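Engineer: Let me give you the structure first, and then I'll get to my questions.
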Amino acid sequence: MLHQLSWKVGGQQGEGIESTGEIFATAMNRLGYHLYGYRHFSSRIKGGHTNNKITVRPTQVRSIADDLDILVAFDQETIDVNYKELTASSIILADARFEPASPEGCTAPLFAVPFTEIATELGTSLMKNMVAIGATAALLNLEETVFQSVVEEIFGRKGEEVVAKNIEAIQKGREAIAEQIGDRVGEWALAPADGQRRLFMIGNDAIALGAIAAGSRFMAAYPITPASEIMEYMIKKLPLVGGAVIQTEDEIAAATMAIGANYGGVRSFTASAGPGLSLMVEAIGLSGMTEQPLVIIDTQRGGPSTGLPTKQEQSDLMAMLYGTHGEIPKVVIAPSTMEEAFFDTIQAFNIAEQLQLPVILMTDLQLSLGKQTVAPFDYSKIEIKRGKIVEALEDEESKDYFKRYENTEDGISPRILPGTKGGIHHVTGVEHDETGKPSEATGNRRTQMDKRMRKLNYLQFDTPIYVNAPHEEADVLLVGFNSTRGAIEEVQETLNAEGIKTNHAHVRLLFPFPAEEMAKLADKAKKIIVVENNSTGQLANIMKMNIGVHAKTTNVLKYDGTPFLPRELTNLVKEKI
Amino acid sequence: MATFKDFRNAVKPNWCPGCGDFSVQAAIQRAAANVGYEPHELAVISGIGCSGRISGYINSYGFHGIHGRALPIAQGLKMANKDLKVIASGGDGDGFAIGMGHTIHAIRRNIDITYIVMDNQIYGLTKGQTSPRSAAGFVTKSTPGGAIEPSLKPLEVALTSGATFVAQGFSTDIKELTALIEAGLNHKGFSFINVFSPCVTYNKVNTYDWFKENLTKLSDVEGYDHTDRSLAMQTVMEKEGLVTGIIYHNQETTSYQEKVTGYSELPLTDIDISLSEEQFDQLVKEFM
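Structural data, given as C-alpha cells:
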C-alpha cells in the first residue's frame, strides 16, 4: 500500500493529455485525496511533448514528487523524456499502437496496452484517454464507479450514449491491463483518504475568485501565459455580478484603463506576466503619483524578453520592487499557497484602496498553473475595507477645489469620486499641491513626497512571513517565496529528521520588506540559505539590503525552467551546509 | 442650470498668447453648458503636452495622465461610472504618435465618450520637433532637411477604423467648434473631433491665415451628407483632410456598454460589491 502516488501522463500537445490528467485528478479529489499537479507544456498549440504529473496523497501535499510510480505514455517520446524519473517499482503503461520500447537503463517494467485499438473498436480513438484511465484504475484498485460522476459531468451534455461508451472504455482498459499483469493488479493501491471534499484549483483560479470576492467589478487585460486564466475566469463570472472585462489592445491600455476605473471608484485590476509588466511600469508610477488604487497580478514566468514563456521562474522580483522611475509607495505581495492566493488578492484590493497606491501581487508559473487541492475558503473571513472614501460633502456649493491630496498625519488623504457634487479637484502625474494643481515649489514637493511615502508606515498586513521555526537555535534557516513552499517544507522535514536543525521562513510581503521580523529569524540561525528560481539570487539580495546578513547568507538557485523537487533540493541544500 | 462660466476655474493657462488651445477650452466649456451638464457631472481626461494641460483649466473633474494614455484612462472611468460625462483630450503627438494604438481601438470599441484632439502639426512643449501630422518637407528641429514621412491622416484612419462620429473644427471658429462638440457629446458612442489649433510659436507654416485660406466648410459643399460614409471618405480624400464640420455620423449605432453581457444597469460605482454567501458557494462549488 502506497502513502503517495506519483502519476504522469504524456504525449503530444493537442491530443487530450491535459484532460486525461484532469479526469484522473478530479476522481481522486472526490475520494478525498490531496493533489498537487505540474504541467509540462510548450508555447505551441499542436504537437510537441507535453505531460501532466500529479502527486496524490491521503495527507497534505504541496510539491511535485521526484519519482514516478506510474507513467502513462501515448508516444515513445514520453518514455524517452521521462524514464529517468522511474524506479524498479514503477510501471509504464504505453499505447501498443506505437510499439513502445524500453530505453536502455530503464528498470521499470513496460506494458503495451492497446489504448487506441480498444477506443477505436468502441467508436472513436479519442477515447484512448479513458482506456488509459481504466488501466490506471486497475493498478490502484479503484472501482470504476469513482469515475462515473466525473464522466457524466464532462460528457453528460453529449448524451447518454457518449457517457456509456466512456464508462465502457474505462472498463476495457481495466480488463486489458489485468490480463497482462495478473496478480499485480492493486499493487499501487493508495492508503485510504478521508473522503473530505476539497477545492481543486490552480492559483489563477484562486486569484480570480479572490478578486470577485473582494468586490472587483472591472478588469482590463491582455492575454499572456501564464496569466490568461485570470481574465478568462473574470469574463465568465463578472457578468453574473454586473461587472465587465475589456480585453485591451496592449498592457499599457490594460493598466491605465484599470487606473481610470479605480479613479471612478470601482475596484479594478489587471493581470499579466513579465513582458506585460514591463509595459505597465509607467502606469504603476502614475498610480503611485496620483494616489489612485491599482491592483496588478504578475504571474512570473521565465525571462528575460520572451524568455521561457511556459516555464517556471522567479526573476521579476527586482523589477516589481524597483521598476518605476522616480519614487513611489508601493506594496508587493507574494502568496505561496492556494489559500494565501485567495486571501492575499482580497488583501491587495483592500490595501490599494486604503493606502491609495499600486499593489502588485506576484505569483510564479507553478503557483499560477499547478492544480492542487485546498480546503474550502472560509466565507466569514472575507472582508472589504475601502478606506477614506467621502460619500458626500456638507458644503456641496463650495467653489474651492476639494483637497484630494490633503497633508494628513498618516499621509492618506480623503478620497472623493468623480460625479460627487462639490468634490471637484484635479488629478495629475505632475507634482501637485493639496487640490491637485501642478506645483513645482520646493516646499510643496517635500510635503507631498513625504505624505505619499508616509502611507507605507500605516500598512497593516496579515502574516508578512510564513514561519515554521521549531528551533530557538537553528543550524539553517531556509528562505523562499511563492511556489517553492512545498519543496522547502519537505526539505525541512528531512533535515530535521537527520538532526540538522532547520527553520523555514517564506516571505509573503516582499515590499515593504518585513525586516524586523526577518532579522529575528536570521539571528536564530547559523546559516541562511535562500532558495530561488532565478540566476542572481534576487531575494537573497533583498535580504542583504534590508538586514545585515551578508556573511551567513548563501543561495540555492535553479533557473532551468523547472520547479525544485524535494529530494533534489535536499541535496542542493546539504551541499551548502 | 450651469452656464459656461460655471465651467471656468481660477487657473491661468500656461499656453502662449495666441495659442489655438484657448478657443478649444472655451468651446468645451460652452458645449458642456449647452448640453446641460453640471460641472461635477463632467470629467476631462487629458494626455501630456501643451494641450494636455486642458483638464486643469476647466472647472470639472480632471485627470492629467501620462503621454498618449488619455483614452484608456477615460474608457476605464466611463466603464466604472456610465452616468459620468467623459471627455478625453490631448494633442496630435499624444493621440496620433505615442497613443495611436489606443486611438484606433477606442474608435472601434465605441465606448460613449468624446475625444478632442488639438492638432497643431508640431511638438510644442518639447520645443519644436516634427509630429506625425507635420506635412512632408516640414522643417523642424528634428527634421532639419524637411520631414521625410508623409503626414498621418486622422480622419481617414477614423473612418476606416469603424468610427461612428467624426468631426473636424478650427479653433478660430468657436461657434462651429462648440456645435461640433455638442453634437459629439450628444452622440451615443465614441465621438472623435479633430481640431486645428495653431501653434503660434513653433509652427510658422500652418498658421491661422494658412488654415483660413485652405479650409473648406462641409456646410458649403453642395450635397454633402454626413451619414454617407463613402461620400465622407471621398470628400476627405479630395480635400486632403482640410475640411471642417461633421464628417460622418452614424446615428443608429449602439455603444460598447450597451452590448456588454451582464453589465449592470446601474453605474458600477453604485452597486453592492459584496458577494452573498450563496453567491460565493455557487462559485466555489465549481472547483469541487
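Order-wise, the sequence lines are chains A and B.
Quick note on our numbering: the first sequence kicks off at -14 and runs consecutively.
Quick note on our numbering: the second sequence kicks off at 12 and runs consecutively.
Think of the CB as a built atom: it goes at the ideal place given N, C-alpha and C, for glycine as much as any other residue.
This one's a predicted model, so the numbers in the text were calculated from it and none came from an experiment.
(1) Measuring straight from C-alpha to C-alpha, what distance separates Tyr126 of chain B and Arg119 of chain B?
(2) Between Asn14 of chain A and the rest of its own chain, which residues show a CB-CB distance below 7 Å, the 5 nearest in sequence each way excluded?
(3) Determine the direct distance from the alpha carbon of Ile269 of chain A to that of Ser201 of chain A, and round the result to whole angstroms.
(4) Determine, for Met90 of chain B, whether the minimum Cβ-Cβ distance to residues of chain C falls below 8 Å.
(5) Counting only Cβ pairs nearer than 9 Å, list the residues of chain A close to Asp105 of chain B.
(6) Establish whether the CB of Ile64 of chain A and some CB of chain B are separated by less than 8 Å.
(7) Got a sec? Which residues, its chain only, sit under 7 Å from Ala360 of chain A by beta carbon, not counting five neighbours each side?
(8) Alpha carbon to alpha carbon, what distance is there between Asn540 of chain A and Val116 of chain A?
(9) Between Asp239 of chain B and Tyr259 of chain B, what straight-line distance do the alpha-carbon atoms span, to the nearest angstrom?
(10) Relative to the C-alpha of Ala174 of chain A, which residue among A:Gln(-11), A:Glu7, A:Val135 is closest?
(11) Compute the distance between the beta-carbons of Ala54 of chain B and Tyr72 of chain B, then report whether it is under 8 Å.
(12) So Asp190 of chain A and Tyr218 of chain A are in contact, right, with Cβ under 8 Å, and what is the actual spacing, rounded?
(13) Note down, in chain order, every chain A residue with its Cβ under 9 Å from the Cβ of Ala37 of chain B.
(14) Return the first residue and the last residue of the beta strand (DSSP E) that Val150 of chain B is part of.
(15) Considering Cα atoms alone, identify which of B:Arg144, B:Ala108, B:Leu82, B:Leu88 is closest to Ala99 of chain B.
(16) Here's the rule I'm using: 16 or more other beta-carbon atoms within 10 Å means buried, otherwise exposed. How should Gly287 of chain A be labelled?
(17) According to DSSP, is Gln179 of chain B helix, strand or coil?
(18) Quick test of your reading: Arg470 of chain A and Thr322 of chain A, contact by CB under 8 Å. State the CB separation rounded to the nearest angstrom.
(19) Between the segment 218 to 226 of chain B and the segment 133 to 145 of chain B, do three or more beta carbon pairs fall short of 8 Å?
(20) What did DSSP end up calling Ala205 of chain A once you bin it into helix, strand or coil?
(21) Identify, in the order they occur along the chain, each residue of the same chain with its Cβ nearer than 7 Å to the Cβ of Glu382 of chain A, setting aside the five sequence neighbours on each side.
(22) Pull up the distance between the alpha-carbon of Ile215 of chain A and that of Ala256 of chain A, whole angstroms please.
(23) Does the beta carbon of Thr272 of chain B come closer than 8 Å to any beta carbon on chain A?
(24) Would Glu269 of chain B count as contacting chain A if we go by Cβ distances under 8 Å?
(25) Measure from the alpha carbon of Ala326 of chain A to the alpha carbon of each residue in A:Thr538, A:Ala337, A:Asp52, A:Ser353, then state which is nearest.
(26) Does any residue of chain A have a CB that is nearer than 8 Å to the CB of Gly173 of chain B?
(27) Residues of chain A with a CB under 8 Å from the CB of Tyr126 of chain B: which are they?
(28) Who are Gly101 of chain B's beta bridge partners in DSSP?
(29) Just to confirm the assignment: which complete alpha helix (DSSP H) runs, minimum length 4, are found wholly within the segment 182 to 262 of chain B?
(30) For the alpha helix (DSSP H) that Gln165 of chain A lies in, which residues bound it at each end?
(31) Quick check on DSSP: helix, strand or coil for Pro260 of chain A?
(32) The segment 338 to 351 of chain A: which residues have C-beta closer than 8 Å to a C-beta of chain B, in chain order?
(33) Ordered along the chain, which non-local residues of its own chain (more than five positions away) have a Cβ less than 8 Å from that of Gln268 of chain B?
(34) Spell out a yes or no on whether the segment 1 to 14 of chain A and the segment 116 to 129 of chain A are touching, meaning 3 or more CB-CB pairs, one atom from each, closer than 8 Å.
(35) Would you say Lys87 of chain A faces chain B, with C-beta separation under 8 Å as the test?
(36) So, at 6 Å on beta carbons, what are the nonlocal neighbours of Ile485 of chain A in its own chain, with the 5 sequence-adjacent residues on each side left out?
Structural biologist: Quick look at the numbers:
(1) So the alpha carbons of these two residues sit roughly 13 Å apart.
(2) Counting only Cβ-Cβ distances below 7 Å, and skipping sequence neighbours, we find Leu20, Arg183, Phe185, Thr358.
(3) Whole-angstrom Cα-Cα distance: 18 Å.
(4) Going by chain labels, chain C is absent from the structure shown, which instead holds the protein chains A and B.
(5) Within 9 Å Cβ-Cβ: nothing; Asp105 of chain B doesn't reach chain A, min ~13 Å.
(6) For Ile64 of chain A, not one C-beta of chain B is nearer than 8 Å to its own C-beta.
(7) Cβ neighbours of Ala360 of chain A beyond the five flanking positions: Arg183.
(8) The straight-line gap from Cα to Cα measures roughly 45 Å.
(9) Asp239 of chain B and Tyr259 of chain B: Cα-Cα distance of roughly 7 Å.
(10) If we check each option's Cα against that of Ala174 of chain A, A:Gln(-11) comes out closest.
(11) Cβ atoms of Ala54 of chain B and Tyr72 of chain B: closer than 8 Å.
(12) That pair is a contact at about 6 Å.
(13) Going along chain A, no residue has its Cβ under 9 Å from Ala37 of chain B, so there is no contact; the nearest lies around 19 Å.
(14) Premise fails: Val150 of chain B is in no beta strand (DSSP E) and is neither H nor E.
(15) Closest by alpha carbon: B:Leu82.
(16) With 16 or more other Cβ atoms within 10 Å, it is buried.
(17) In the displayed model, Gln179 of chain B falls within a strand according to three-state DSSP.
(18) Yes, Arg470 of chain A and Thr322 of chain A are in contact; Cβ-Cβ is about 6 Å, under 8 Å.
(19) Here the segment 218 to 226 of chain B makes no contact with the segment 133 to 145 of chain B; the two share fewer than three CB pairs at distances below 8 Å.
(20) Strand, per DSSP.
(21) Closer than 7 Å at the Cβ level, and outside the excluded window around Glu382 of chain A, lie Gly407.
(22) Computed Cα separation, rounded: 7 Å.
(23) Judged by the 8 Å Cβ criterion, Thr272 of chain B is in contact with chain A.
(24) Closer than 8 Å: no.
(25) Of all alpha-carbon atoms in A:Thr538, A:Ala337, A:Asp52, A:Ser353, the one lying nearest the alpha-carbon of Ala326 of chain A is that of A:Ser353.
(26) It does not; no Cβ of chain A falls within 8 Å.
(27) For Tyr126 of chain B, no chain A residue has a Cβ inside 8 Å of its Cβ, as the nearest lies near 14 Å away.
(28) B:Val128, per the DSSP bridge assignment.
(29) Fully enclosed alpha helix (DSSP H) runs of 4 or longer: 185 to 197, 219 to 225, 240 to 249.
(30) Going by DSSP, Gln165 of chain A is part of the alpha helix (DSSP H) stretching over 145 to 166.
(31) Helix.
(32) If the cut-off is 8 Å between Cβ atoms, the segment 338 to 351 of chain A has nothing near chain B.
(33) So the list reads Lys89, Met90, Lys93, Ile122, Asp123, Tyr274, once near-sequence residues are dropped.
(34) Remark: three or more beta-carbon pairs, one from each stretch, lie closer than 8 Å, so the segment 1 to 14 of chain A and the segment 116 to 129 of chain A are flagged as touching.
(35) This sequence places Ser at residue 87 of chain A; Lys is not what is there. For Ser87 of chain A, the answer is no, since every Cβ of chain B falls outside 8 Å of its Cβ.
(36) Within the same chain, Ile485 of chain A has close Cβ partners Asp460.
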